[in-house]
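In the numbering used here, the protein residues as written are 5 to 584.
Report on one structure; see the data block that follows.
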């Protein structure tokens with residue numbers, strides 16, 4: 005008898021091969037048999053007519069704080085994700101000297117839009133070193149497995165102390181100390197090192213994050229820790245300024261250490277290189293022996309704007325700024341007042357102090373042709389005639405008034421979608437070829453981050469609903485989509501024990517009703533510690549999510565099972581005989 009048998013489903017095993025109808029047997033935390041299972045299971049799941057896939061592996065999240073207090077790990081866990089990798093983009097909370105706690109919170113709040121009050125109340129700071137942080141993570145069971153990078157920002161602050169500021173140049177001794185911290189972190193179980201080099205990433209005080217101005221000597225010097233340990237992924241978000249020659253040093257680092265380097269590949273107003281240039285430069289290095297991998301998103305990365313969100317078109321208008329200390333009920337009462345509406349619409353926005361943020365400021369406050377109404381049937385690939393500019397014209401209103409009225413719908417909870425990145429062409433056609441490439445991975449969900457602006461943790465569901473089922477301009481196969489979100493992401497980080505439905509692999513499984521798979525409408529919740537806000541989005545169609553052989557979600561509802569834990573270092577499969 006098996007512990008669990010999932011019967012009669014259409015098995016999409018993660019290899020990219022043709023789906024087949026079969027059974028999956030589970031014993032303990034491992035898959036024991038895939039095919040025809042004659043023995044009974046102590047627990048039986050009828051998957052007839054449903055898809056049975058591996059659990060999804062999300063390699064780009066920011067649960068570094070949340071993972072210390074939250075065992076459900078929403079919203080990622082709501083979308084079939086059973087493994088998350090956090091500590092991306094150079095931000096995180098270890099190592100951390102006691103006098104740097106507030107500084108690290110401010111860095112995370114500014115870069116990833118996670119409320120600082122929630123982080124301050126939620127974290128207990130029972131650590132200083134990175135290995136101690138991993139020990140803290142190891143204490144809490146969860147619905148998912150968590151893994152992490154060693155973040156550049158925390159490492160730099162730990163070594164440089166008061167010298168840490170934009171433009172600071174570390175000494176050779178500083179670099180050696182930082183590299184040793186990363187080495188110790190990897191030996192303790194980190195899966196890599198991360199940094200950020202983009203003007204879009206700033207602390208809550210508006211300062212560029214550590215790493216933005218780092219030299220190649222610093223980055224390679226730190227990255228050599230991976231070569232000494234023998235594993236690790238170097239992850240980076242960057243504006244890819246041409247004069248920095250980013251791909252040159254990325255290639256040098258990968259060739260020297262033998263380890264992969266991965267970066268966020270996007271169409272971006274902040275990036276100096278087009279996406280085509282980024283991919284071409286990456287491939288030139290790979291043709292010369294490097295292993296650089298582009299992380300790509302599956303839709304426009306952008307901003308969900310709302311009155312209660314972090315960003316909206318009127319956020320820099322004087323009348324709005326004067327309401328900063330009012331409660332939402334008080335703000336809403338004013339917003340409903342026609343006189344206040346006329347006053348606000350008659351004002352101009354106060355520009356930001358940072359000159360390099362002007363392009364973002366302009367598209368947020370005046371980019372009506374690039375902003376779209378998030379109605380019930382919104383599909384994240386909107387056409388030009390669906391923009392605020394065009395709908396305002398049809399309604400006989402100014403775009404600003406149309407946007408104001410739109411956000412007032414649903415008792416002031418209406419949403420506007422601004423695809424700030426990845427939507428230069430007004431469609432997602434450019435992603436079709438990239439999703440077929442072996443040197444790219446589906447990523448950039450930012451799960452747990454940008455709480456008041458996006459909810460891309462739902463990316464796996466979007467992949468199934470839109471890219472596999474509903475996209476009029478061209479779809480991808482279900483088998484390929486599952487491979488992209490399971491095997492490909494797991495292998496990049498050396499997680500060789502998951503991402504496939506085969507004997508010996510972790511019993512991380514989704515049972516999915518593809519007829520019902522659908523994203524729900526986003527909403528703003530205020531459920532983080534200290535009442536912090538976050539955008540959330542649920543899904544229909546996940547009948548079961550199973551982590552390490554235990555059902556963590558049934559019918560989209562969380563159970564009391566918490567089999568997930570901390571991943572320490574690369575993982576290998578346990579080869580088993582596939583037998584009854």
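Glycine residues also receive a C-beta, built at the ideal position from the N, C-alpha and C atoms.
Source: prediction; values computed, not measured.
Problem set entry | residue 289 versus residue 265 - alpha carbon distance | 11 Å
Exercise. What residue does the alpha helix (DSSP H) around residue 362 start on, and which one ends it?
Worked result: Judged by DSSP secondary structure, residue 362 falls within the alpha helix (DSSP H) whose first and last residues are 362–370.
For this session: Enumerate, from N- to C-terminal direction, the unbroken beta strand (DSSP E) stretches of 3 or more residues contained entirely within the region 173–249.
Result: Given a length threshold of 3 residues, each whole run of the beta strand (DSSP E) inside the region 173–249 is given here in chain order: 196–201 and 237–242.
Exercise. What span of residues does the beta strand (DSSP E) with residue 299 cover, start to end?
Worked result: 296–300
Exercise. Going along the chain, which residues of its own chain have a beta-carbon closer than 6 Å to the beta-carbon of residue 353, five neighbours each way excluded?
Worked result: These residues qualify, in order along the chain: 320, 321 and 369.
For this session: Put residue 583 into one of helix, strand or coil per three-state DSSP.
Result: With a pLDDT of 47 at residue 583, under the threshold of 50, the modelled position of that residue is not reliable, and no figure is offered here.
Exercise. Taking one C-beta from the region 494–509 and one from the region 68–84 each time, how about it: are there three or more such pairs within less than 8 Å?
Worked result: no
Exercise. What do you get for residue 423, buried or exposed, if any count of 16 or more other CB atoms within 10 angstroms of its CB means buried?
Worked result: Residue 423 comes out buried.
Problem set entry | Coarse secondary structure for residue 535, derived from DSSP in three states | helix
For this session: Mind checking who residue 57 pairs with in its DSSP beta bridge?
Result: 514
Exercise. Are there three or more Cβ pairs, one per stretch, closer than 8 Å when the region 82–91 is compared with the region 110–120?
Worked result: no
Exercise. Hey, is residue 8 close to the ligand MN, as in C-beta under 6 Å from one of its heavy atoms?
Worked result: Absence of the ligand MN from the depicted structure is noted, as is the absence of any ligand whatsoever, leaving it without description.
For this session: Drop a sphere of 10 angstroms on the beta-carbon of residue 331, count the other beta-carbons inside from all chains shown, and report buried for 16 or more, exposed for fewer.
Result: exposed
Exercise. By the 10 Å Cβ neighbour count, where 16 or more other Cβ atoms means buried, how is residue 530 classified, buried or exposed?
Worked result: exposed
Exercise. Smallest Cα separation from residue 441: which of 296, 110, 555 and 519?
Worked result: 296
Exercise. Between which two residues does the beta strand (DSSP E) carrying residue 557 extend?
Worked result: Residue 557 -> beta strand (DSSP E) spans 554–558.
Exercise. In terms of residue numbering, what span does the beta strand (DSSP E) encompassing residue 285 cover?
Worked result: Residue 285 -> not in any beta strand (DSSP E); alpha helix (DSSP H) instead, spanning 279–290.
Exercise. If residue 156 and residue 199 are in contact, beta carbons under 8 Å, what's the gap, nearest whole angstrom?
Worked result: 4 Å
Problem set entry | Limits of the beta strand (DSSP E) - the one that residue 36 falls within | Judged by DSSP secondary structure, residue 36 falls within the beta strand (DSSP E) whose first and last residues are 34–39.
Problem set entry | For residue 548, three-class secondary structure by DSSP | In the structure shown, the three-state DSSP call for residue 548 is strand.
For this session: Just the C-alpha distance for residue 500 and residue 510, rounded to the nearest angstrom, thanks.
Result: 10 Å
For this session: Kindly confirm or deny that the region 128–138 and the region 182–196 touch, where touching means at least three C-beta pairs closer than 8 Å.
Result: These segments touch.
For this session: From the DSSP output, in three-state form, read off residue 165 for me.
Result: helix
Exercise. Grouping DSSP H, G and I as helix and E and B as strand, with all else coil, what is residue 92?
Worked result: helix
Problem set entry | Burial state of residue 24, where buried means 16 or more other Cβ atoms lie within 10 Å | Under this definition residue 24 is an exposed residue.
For this session: Determine the closest residue to residue 216 out of 356, 244 and 233, with distance taken between C-alpha atoms.
Result: 244
Exercise. When the Cα of residue 450 is compared with those of 129, 458 and 9, which residue comes out closest?
Worked result: 458
Exercise. How about residue 391 and residue 404: do their beta carbons lie closer than 7 Å?
Worked result: No, Cβ-Cβ distance for residue 391 and residue 404 is not below 7 Å.
Problem set entry | Rounded C-alpha distance that separates residue 187 from residue 98 | 14 Å
Problem set entry | Proximity winner among 382, 393 and 342, relative to residue 367 (alpha-carbon distances) | 393
Exercise. Touching or not, the region 471–478 and the region 328–342, by the rule of three or more beta carbon pairs under 8 Å?
Worked result: Counting Cβ pairs under 8 Å, fewer than three are found: no touch.
Exercise. For the beta strand (DSSP E) that residue 420 lies in, which residues bound it at each end?
Worked result: 420–425
For this session: Kindly give me the distance between the Cβ atoms of residue 298 and residue 282, rounded to whole angstroms, as I take these residues to be in contact under 8 Å.
Result: 7 Å
Exercise. Given residue 41, which residues of its chain have a CB within under 6 Å of its CB, disregarding the five upstream and five downstream residues?
Worked result: So the qualifying residues of the chain are 9, 27 and 29.
For this session: Would you list the one or two residues that DSSP bridges to residue 149?
Result: 87
Exercise. What does a CB cutoff of less than 6 Å around residue 577 pick up in its chain, not counting 5 residues either side in sequence?
Worked result: 500, 501, 508 and 509
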